[in-house]
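Engineer:
Numbering (the numbering used here), first residue to last: 453 to 512.
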């Protein structure tokens, strides 16, 4: 059997660690999932910009 997929190469912000560092990169994704990927990117960007976010490496 032959399977067909609608795949797109997209630019994304790749989260690197718990300190919300990220790296601009690229990934392949099913075209139907691009909206979900963009939603997750928006959540991560909002967390990075939020003042007072918890820094797990901070010394109290």
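Ideal Cβ placement from N, Cα and C applies to all residues, glycine included.
1) Determine the DSSP secondary structure at residue 463, reduced to helix, strand or coil.
2) Would residue 486 and residue 475 be called neighbours here (beta carbons separated by less than 7 Å)?
3) Measuring straight from C-alpha to C-alpha, what distance separates residue 479 and residue 453?
4) Is residue 480 close to the ligand MN? I mean its beta-carbon at under 6 Å from any heavy atom of the ligand.
5) Over the uninterrupted alpha helix (DSSP H) stretch that includes residue 496, give me the two end residues.
Structural biologist: Walking through what the data contain:
1) Walking along the chain shown from the start, residue 463 turns up at place 11. When secondary structure is reduced to three states using DSSP, residue 463 falls in the strand class.
2) Numbered from its first residue, the chain shown carries residue 486 at position 34. Numbered from its first residue, the chain shown carries residue 475 at position 23. No, they are not a contact pair.
3) Position 27 of the chain shown, counting from 1, holds the residue named residue 479. Position 1 of the chain shown, counting from 1, holds the residue named residue 453. If you take the alpha carbons of residue 479 and residue 453, they lie about 26 Å apart.
4) Absence of the ligand MN from the depicted structure is noted, as is the absence of any ligand whatsoever, leaving it without description.
5) Reading the chain shown from its first residue, position 44 is the one you call residue 496. That run of the alpha helix (DSSP H) goes 486-501.
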